[in-house]
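**Q**
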Amino acid sequence: MQHHNTPNTQNSNALCFFFHPMSRARSVRWMLEECQATYEAVLLDYGTSMKGPAYLALNPMGKVPALQHGETVITETAAVLAYLADLFPECQLAPAPGSAERGSYYRWLFFVAGPVEAITTAQAEGWLAQQTLQQAQTAGYGRMEDVIRTLQLAVQGKTYVCGAHFSAADIYLSTYLAWACQHGQLPKLPEFERYYQPLMARPAALRAQQIDDSLAGVQP
């Protein structure tokens, strides 16, 4: 891994990781470390370089994480994780295509990216305070109690969310559960903590955390 503030585009097959240490990019950093990938890390600041023309040309949303691999740009955390799992098949971070576990893998990647992300944001902003039954039926995330129950059932008594093997879905789900529980956006349920705590003690997770934590205190 190399760290830069601007990308080096000389190698067309290089992996270039755009991040901020206090963002969803932490999940991608963990994934890169699990893959033992060689990558360039480009640190972007909120409101300045993240919204600058060079980065907006790659990601018009002006948000992180993003991954550039040659001519390909991947945004959205779940998409980046899935792309890396396929790019490094020897690491076995995605179940076999067509397997029952692969279906579960897609399910939980997109459940976190969709209902979980949306409803925790809505709750943090106070949008759920006066939620009506009709609004819950209309919203893709439904009701908070349904999302929490679904997450409980997903991880209850399990080491990994998709069968017997660790996958990119575990990275995404465990990092989001840990963050949401820490910040009060999800309750600190025993099922959640028993699931995510051992995963976040994996060597690659600790390496990624150390890198990002060392940068977090000095970045706007």
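Count along the sequence shown from 1, then add 1220; that gives the number in the numbering used here.
Built from N, CA and C at the ideal position, the CB exists for glycine as well.
Just so we're clear, the structure is a prediction, and the values are computed from it rather than from any experiment.
1) Leaving out five residues before and five after threonine 1295 in sequence, what residues of the same chain have Cβ atoms less than 6 angstroms from its Cβ?
2) Excluding the 5 residues preceding and the 5 following methionine 1242 in the sequence, name in chain order all residues of the same chain whose CB lies nearer than 6 angstroms to its CB.
3) For a quick check, are the C-beta atoms of tyrosine 1447 and serine 1247 less than 9 angstroms apart?
4) Might you give, ordered along the chain, the residues of its own chain that have their beta carbon closer than 8 angstroms to the beta carbon of alanine 1356, omitting 5 neighbours on each side?
5) Could you name each continuous alpha helix (DSSP H) segment of 4 residues or more that falls completely within the segment 1239-1292, going from the start of the chain to the end?
6) Nearest to alanine 1398 by alpha carbon, out of Leu1371, Cys1382, Ala1384, Pro1423?
7) Taking 6 angstroms as the limit between beta carbons, can you name the residues of its chain near glutamine 1288, skipping five residues before and five after?
8) Measuring alpha carbon to alpha carbon, tell me which of Leu1304, Glu1345, Val1300, Pro1335 ends up nearest glutamate 1365.
9) Using three-state DSSP, classify phenylalanine 1330 as helix, strand or coil.
10) Within the chosen definition, does the segment 1413-1420 reach the segment 1388-1397 through at least 3 CB pairs nearer than 8 angstroms?
11) Let's see if you can read the secondary structure: which residues bound the alpha helix (DSSP H) around phenylalanine 1308?
12) Any idea which residues DSSP pairs threonine 1295 with across the strands?
13) Is the number of C-beta pairs between the segment 1265-1283 and the segment 1305-1322 that are closer than 8 angstroms three or more?
14) Looking only at its chain, what residues have a beta carbon closer than 6 angstroms to the beta carbon of serine 1419, apart from the 5 residues adjacent to it on each side?
15) Just reading off the alpha helix (DSSP H) that serine 1394 is part of, what are its end residues?
16) Can you list, in chain order, the residues of its chain whose CB lies under 8 angstroms from that of leucine 1329, leaving out five sequence neighbours each side?
**A** A quick look at the data gives this:
1) The residue you call residue 1295 lines up with position 75 of the sequence shown. Beyond the five residues adjoining it in sequence on each side, threonine 1295 comes within less than 6 angstroms, by CB distance, of Asn1279, Ala1286 in the same chain, given in chain order.
2) The sequence position of residue 1242 within the sequence shown is 22, counting from 1. Cβ neighbours of methionine 1242 beyond the five flanking positions: Ala1436.
3) A question about residue 1447 goes unanswered here, because the residues of the chain that appear run from 1221 up to 1440.
4) Taking the first residue of the sequence shown as 1, we reach residue 1356 at position 136. Excluding positions up to five away in sequence, the list reads Gly1362, Arg1363.
5) Here the runs fully enclosed are 1245-1254, 1273-1278.
6) Position 178 of the sequence shown, counted from the first residue, corresponds to residue 1398. Looking only at Leu1371, Cys1382, Ala1384, Pro1423, the smallest Cα-Cα distance to alanine 1398 is reached by Leu1371.
7) The count along the sequence shown starts at 1 and reaches residue 1288 at position 68. Hits under 6 angstroms: Cys1236.
8) For the purposes of this step, residue 1365 is taken as the residue at position 145 of the sequence shown. Closest by C-alpha distance to glutamate 1365, out of Leu1304, Glu1345, Val1300, Pro1335, is Pro1335.
9) For the purposes of this step, residue 1330 is identified with residue 110 of the sequence shown, where counting begins at 1. The answer is helix: DSSP assigns phenylalanine 1330 an H, G or I state.
10) Between the segment 1413-1420 and the segment 1388-1397 there are three or more C-beta pairs closer than 8 angstroms, enough to call the two in contact.
11) Stepping through the sequence shown from its first residue, residue 1308 is reached at position 88. Looking at the DSSP string, phenylalanine 1308 is not in any alpha helix (DSSP H), and its letter there is neither H nor E.
12) As a first step, residue 1295 is located in the sequence shown; it is residue number 75 there, counting from the start. DSSP lists Ala1286 as the bridge partner or partners of threonine 1295.
13) No: fewer than three Cβ pairs fall under 8 angstroms.
14) Counted from its first residue, the sequence shown places residue 1419 at position 199. Reading off the sequence shown, one finds leucine at residue 1419, where the question assumed serine. So the qualifying residues of the chain are Asp1390, Ser1394.
15) Against the sequence shown, residue 1394 aligns to sequence position 174. Under the DSSP assignment, serine 1394 falls in the alpha helix (DSSP H) whose first and last residues are 1388-1402.
16) Within the sequence shown, the letter at position 109 stands for residue 1329. Within the same chain, and ignoring the five residues on either side of leucine 1329 in sequence, the residues whose Cβ sits closer than 8 angstroms to its Cβ are Ala1298, Leu1301, Ala1302, Ala1388, Ala1389, Tyr1392.
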